[in-house]
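Note sheet for the following structure.
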Amino acid sequence: MSASLLEVCAWDAEDPLREVAARFVRPEGLIYLDGNSLGAAPVDAYGRLEAAVAGEWAQGLVRSWNGADWIGAPARIGAKIAHLIGARPSEVVVADSTSVNLFKLLVAALQRQAPRGVILSEPGEFPTDLYVAQGVAATLPGVSLRLLPAEELVAAIGADVGVVMLTHVHYRTGARRDMAAITQRAREAGALVIWDLSHSAGAVQVDLAGARAELAVGCGYKYLNGGPGAPAYLYVAERRQAELSSPLTGWMGHDDPFEFGDVYRPAAGMDRFLVGTPPMLSMLALECGVDQFEGVDMAAVEAKARRLCSLFIERVEDRCGGHGLQLITPCAPARRGGHVSFTHPDAYAIMQALIERGVIGDFRGPDVLRCGFAPLYTRFEDVWRAVEVLAEVLNTDAWRDPRYQTRARVT
Ligand SMILES: *Cc1c(COP(=O)(O)O)cnc(C)c1O
Numbered sequence: 004m005s006a007s008l009l010e011v012c013a014w015d016a017e018d019p020l021r022e023v024a025a026r027f028v029r030p031e032g033l034i035y036l037d038g039n040s041l042g043a044a045p046v047d048a049y050g051r052l053e054a055a056v057a058g059e060w061a062q063g064l065v066r067s068w069n070g071a072d073w074i075g076a077p078a079r080i081g082a083k084i085a086h087l088i089g090a091r092p093s094e095v096v097v098a099d100s101t102s103v104n105l106f107k108l109l110v111a112a113l114q115r116q117a118p119r120g121v122i123l124s125e126p127g128e129f130p131t132d133l134y135v136a137q138g139v140a141a142t143l144p145g146v147s148l149r150l151l152p153a154e155e156l157v158a159a160i161g162a163d164v165g166v167v168m169l170t171h172v173h174y175r176t177g178a179r180r181d182m183a184a185i186t187q188r189a190r191e192a193g194a195l196v197i198w199d200l201s202h203s204a205g206a207v208q209v210d211l212a213g214a215r216a217e218l219a220v221g222c223g224y225k226y227l228n229g230g231p232g233a234p235a236y237l238y239v240a241e242r243r244q245a246e247l248s249s250p251l252t253g254w255m256g257h258d259d260p261f262e263f264g265d266v267y268r269p270a271a272g273m274d275r276f277l278v279g280t281p282p283m284l285s286m287l288a289l290e291c292g293v294d295q296f297e298g299v300d301m302a303a304v305e306a307k308a309r310r311l312c313s314l315f316i317e318r319v320e321d322r323c324g325g326h327g328l329q330l331i332t333p334c335a336p337a338r339r340g341g342h343v344s345f346t347h348p349d350a351y352a353i354m355q356a357l358i359e360r361g362v363i364g365d366f367r368g369p370d371v372l373r374c375g376f377a378p379l380y381t382r383f384e385d386v387w388r389a390v391e392v393l394a395e396v397l398n399t400d401a402w403r404d405p406r407y408q409t410r411a412r413v414t
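Note that my numbering has the sequence shown beginning at 4, numbered continuously upward.
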């Protein structure tokens, strides 16, 4: 038998992160299980953005680049993110989107690795990652993308493979890869690995240094709560920074942008991966999101993520059996991240029915129901109640209503 409502409320009362939830806006009557698509808004975001607009922008104007240290934001926020992913402050910088950062790192890594021109990845990886790799392959002579299933991938890191590109936690299945083991195998075979941390940073414990990882990118608007379209970040281990140069050589990546010279000279350290002027309002919203991790022990985040996911799986198995839901997330807590997915042929309609009843998860085509459990603000009680709503939707066939069948532009 899975836990009762009384038991899970007791877990919430003893949760070491219980007070952190109050740092986020929790809309009335809503159970939000989609922090892995768009993180919740920090309560502080209102004040932070108001101060940024009314003070730093409206009054400070151009002086704020120095006066409010806007110019230092990419490195300053990068250092805060570094703390969450087991990196040194000087190894992470905030810039652009995950897609663009992946482009920069892929090209930089492949240029170092020439003539090893194969990018090795897996079918079914996050679309933008595969698309960017396809664009890189179409742009750089001698580069191609090879996709192999997870079971075969590690053994296939041969002498022609320059870069292995993988997500740490898979967006669809929630499976977590063994970062240390794969990084080591790649190193032995002479390849570099680019880890995409979009679905793991802030949700589980990530230890880039412990895994001896060298390159990574990640997203700011999911578990880091940076707001819609928040800037992303990239990580390069110190020992690799001088060897890699970005193909997008904009002025913010110059050694001295305000020298206004004609010739590009890459900055030392991570600044060389900057391109253009940072979008300051978005940067400050991201900083506010990242600041919500202040005082939070990432081991507690990891422990809570595991428990939230286990509770969801056990409750769904108890309450929603016989309706055709198939778990596609690994059962072993160490092998998954902070979200859980089930397939169902009518996943889209079921999710629409859930959303109308105040339980927000998401649908990932063609047939996946995905629920994310951001450990900072998801309570065990939320998980328990969400499964009750799911059971009601399935038991009453409520999802068959025609209004749940039409798809919106964003799913
Ligand atoms: C969310 C996500 C992205 C997002 O990329 P953007 O460029 O910010 O749109 C990229 N990769 C993965 C694995 C993601 O989960």
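From the three backbone atoms N, C-alpha and C, an ideal C-beta is built for every residue, glycine too.
- In the structure shown, the three-state DSSP call for H257 is strand.
- Closest in C-alpha terms to R26, from the list C291, D349 and Q408, comes C291.
- Bridge pairing for P19: absent [DSSP].
- Following the DSSP letters along the chain, one finds L287 inside the alpha helix (DSSP H) bounded by residues M283 to D294.
- Taken in chain order, the unbroken stretches of beta strand (DSSP E) that lie wholly in the segment 68 to 103 and span 3 residues or more are 95 to 98.
- A distance criterion of 8 Å places the beta-carbon of A235 in contact range of ligand 1, judged by its closest non-hydrogen atom.
- DSSP places G272 outside any beta strand (DSSP E), giving it a letter other than H or E.
- A distance of 9 Å or more separates the beta carbons of P260 and V97.
- Here H347 has H326, G327, L328, Q329, I353, D370 and L372 as same chain residues with Cβ atoms under 8 Å from its own Cβ, once five neighbours each way along the sequence are excluded.
- Per the coordinates, the alpha-carbon of I88 lies some 17 Å from the alpha-carbon of A184.
- Placement of the Cβ of C12 at a distance of 8 Å or more from every heavy atom of ligand 1 is found.
- When the alpha-carbon of S7 is set against those of T332, C374, D321 and S201, the nearest one is in D321.
- At least one heavy atom of ligand 1 is found less than 8 Å from the C-beta of T170.
- In this structure, ligand 1 has no non-hydrogen atom nearer than 8 Å to the beta-carbon of D400.
- When DSSP states are grouped into helix, strand and coil, Q137 belongs to the helix group.
- Contact annotation: the segment 108 to 126 touches the segment 153 to 160, with at least three C-beta pairs closer than 8 Å.
- A distance criterion of 8 Å places the beta-carbon of V209 beyond contact range of ligand 1, judged by its closest non-hydrogen atom.
- Under DSSP, the beta-bridge partners assigned to P45 are F27.
- Note that the C-beta distance between V220 and M301 is not below 9 Å.
- G223 is positioned such that its CB atom lies closer than 9 Å to that of G230.
- Beta-bridge annotation (DSSP): C374 is paired with V343.
- Shown here for L109: same chain residues with a beta carbon closer than 8 Å to its own, the five before and five after excluded, namely I122, V135, A136, V139, V166, M168 and I197 in chain order.
- Of the residues Y380, H342, A389 and A394, the one whose Cα lies closest to the Cα of H171 is H342.
- Burial is judged here by how many other beta carbons sit within 10 angstroms of a residue's own beta carbon; A204 has at least 16 and is buried.
- Between C334 and R309, the alpha-carbon positions lie close to 10 Å from each other.
- By the Cβ neighbour-count rule, A235 is buried, with 16 or more other Cβ atoms within 10 Å of its own.
- A distance below 9 Å separates the beta carbons of G120 and L143.
- K107 has its Cβ no nearer than 8 Å to any heavy atom of ligand 1.
- Annotation for I80: V97, M286, L289, E290 and V293 place their beta carbon closer than 7 Å to its own, counting only its chain and skipping 5 residues before and after.
- In this structure, the alpha-carbon of L9 lies about 12 Å from that of R388.
- Short note on T332: C-beta not closer than 8 Å to any heavy atom of ligand 1.
- In this structure T252 is exposed. Its beta-carbon is surrounded by fewer than 16 other beta-carbon atoms within 10 angstroms.
- Contact between the segment 240 to 252 and the segment 269 to 277 is present, with at least three C-beta pairs closer than 8 Å.
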